[in-house]
Amino acid sequence: GNSVTQMEGPVTLSEEAFLTINCTYTATGYPSLFWYVQYPGEGLQLLLKATKADDKGSNKGFEATYRKETTSFHLEKGSVQVSDSAVYFCALSDRGTGNQFYFGTGTSLTVIP
Amino acid sequence: EPEVTQTPSHQVTQMGQEVILRCVPISNHLYFYWYRQILGQKVEFLVSFYNNEISEKSEIFDDQFSVERPDGSNFTLKIRSTKLEDSAMYFCASSEVLGNQPQHFGDGTRLSIL
Chain P
1 GNSVTQMEGP
11 VTLSEEAFLT
21 INCTYTATGY
31 PSLFWYVQYP
41 GEGLQLLLKA
51 TKADDKGSNK
61 GFEATYRKET
71 TSFHLEKGSV
81 QVSDSAVYFC
91 ALSDRGTGNQ
101 FYFGTGTSLT
111 VIP
Chain A
1 EPEVTQTPSH
11 QVTQMGQEVI
21 LRCVPISNHL
31 YFYWYRQILG
41 QKVEFLVSFY
51 NNEISEKSEI
61 FDDQFSVERP
71 DGSNFTLKIR
81 STKLEDSAMY
91 FCASSEVLGN
101 QPQHFGDGTR
111 LSIL
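Residue numbers (the numbering used here), protein chains in the order written: chain P, 1 to 113; chain A, 1 to 114.
Take a look at the structure:
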């Protein structure tokens, strides 16, 4: 079946540090992969996506590359800011098995000045 | 930018009572979804809805749950007789098309069952 496994949190980083949040997946078909971000008190916002192997999604300095060989979609940012403090969710959708999204557990990131 | 809006932001209800959670999807979207997130756990799919009928539902979505699109703008989730374990954050989402495209989420309704 489909599932997403996400790096356990919480993660605390100093401003300008490098961020990696690991995400691996299992899927029966050809999934699309997403990162969503949830700022305090808000809903889930799409951060970036990749729809096929070797695609790189990027937005607001965040990047993630769809690696089929390692079934991974790790989120990275070269220099985090305090405003990046949020919960990050990795997700997949696999049209071959329906329209629902499968989410990871979420990783809480706190960036300190 | 258009958004999915959900009301109320927080609902407190006695166990056994009926509750209706409301959502206004993005206006040109055709596909609607409900998810829930129990505190500290994953965001879980409940149901998807298209063309005025349920297109998929999970094991969580039992007979206690129902969805409706009562007019051209609202999309509701009803829980008939709430249980303590229904306490969670409920997210509504919508998408314009199918096919591994992003779903756009509301801010959620926090449901607390006493």
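Just so you know, even glycine gets a beta-carbon here, dropped at the ideal spot from N, CA and C.
For residue i, which residues of its own chain have a beta-carbon under 8 Å away from its beta-carbon, when the five flanking residues on both sides are left out?
i             : result
G61 (chain P) : K77, G78 and S79
N59 (chain P) : L47 and L48
Taking the beta strand (DSSP E) that residue i falls in, what are its first and last residues?
i              : result
H74 (chain P)  : Run containing H74 (chain P): none; DSSP gives neither H nor E here.
K78 (chain A)  : F75 to I79
M89 (chain A)  : A88 to S95
F101 (chain P) : F101 to F103
E63 (chain P)  : F62 to T65
R36 (chain A)  : Y31 to Q37
Y88 (chain P)  : A86 to S93
A50 (chain P)  : L44 to A50
T82 (chain A)  : Unbroken run through T82 (chain A): none, as it is neither H nor E.
V67 (chain A)  : F65 to E68
Y30 (chain P)  : Where Y30 (chain P) is concerned, there is no enclosing beta strand (DSSP E), given that its DSSP letter is neither H nor E.
Using CA atoms only, rank isn't needed, just tell me which of the options is closest to residue i.
i             : options                     : result
Q64 (chain A) : A:G108, A:V4 and A:Q17      : A:Q17
A93 (chain A) : A:E1, A:D62 and A:W34       : A:W34
D62 (chain A) : A:D86, A:G72 and A:F75      : A:D86
S58 (chain A) : P:Q6, P:P113 and P:F101     : P:F101
S73 (chain A) : A:V4, A:T7, A:E44 and A:V24 : A:V24
M89 (chain A) : A:G106, A:P102 and A:Q37    : A:Q37
Can you list the residues of chain A that residue i reaches, using a CB-CB cut of under 7 Å?
i              : result
F101 (chain P) : F45 and Q103
F34 (chain P)  : P102
List the residues of chain P that residue i touches, going by C-beta distances under 9 Å, in chain order.
i             : result
K83 (chain A) : Near K83 (chain A) there are no residues of chain P at all, since even the closest Cβ is about 23 Å away, more than 9 Å.
Listing by chain order, which chain P residues have their CB less than 8 Å from the CB of residue i?
i             : result
F91 (chain A) : G43 and L44
K42 (chain A) : F103, G104, T105 and G106
Can you list, in chain order, the residues of its chain whose CB lies under 6 Å from that of residue i, leaving out five sequence neighbours each side?
i             : result
V67 (chain A) : V47, F49 and L77
Only counting the same chain, and skipping five residues up and downstream in sequence, which positions put a Cβ closer than 7 Å to that of residue i?
i             : result
S55 (chain A) : S48 and F49
A53 (chain P) : Y66 and K68
L84 (chain A) : M15 and I113
Which residues in chain P have a C-beta closer than 7 Å to the C-beta of residue i? List them in chain order.
i              : result
S48 (chain A)  : N99 and Q100
G106 (chain A) : G43
Could you tell me which chain A residues have their CB closer than 8 Å to the CB of residue i, listed as they occur along the chain?
i             : result
F73 (chain P) : Those do not exist, as F73 (chain P) stays about 13 Å from chain A at its closest Cβ, beyond 8 Å.
> Got a sec: which bits of the segment 38–64 of chain P sit with their beta carbon under 7 Å from any beta carbon on chain A, in order along the chain?
Replying inline: E42, G43, L44, L46, K49 and T51
> Closer than 7 Å, Cβ to any Cβ of chain A: which residues of the segment 2–28 of chain P, in chain order?
Replying inline: none
> Relative to chain P, which residues along the segment 57–74 of chain A have a C-beta separation below 8 Å, given in chain order?
Replying inline: S58
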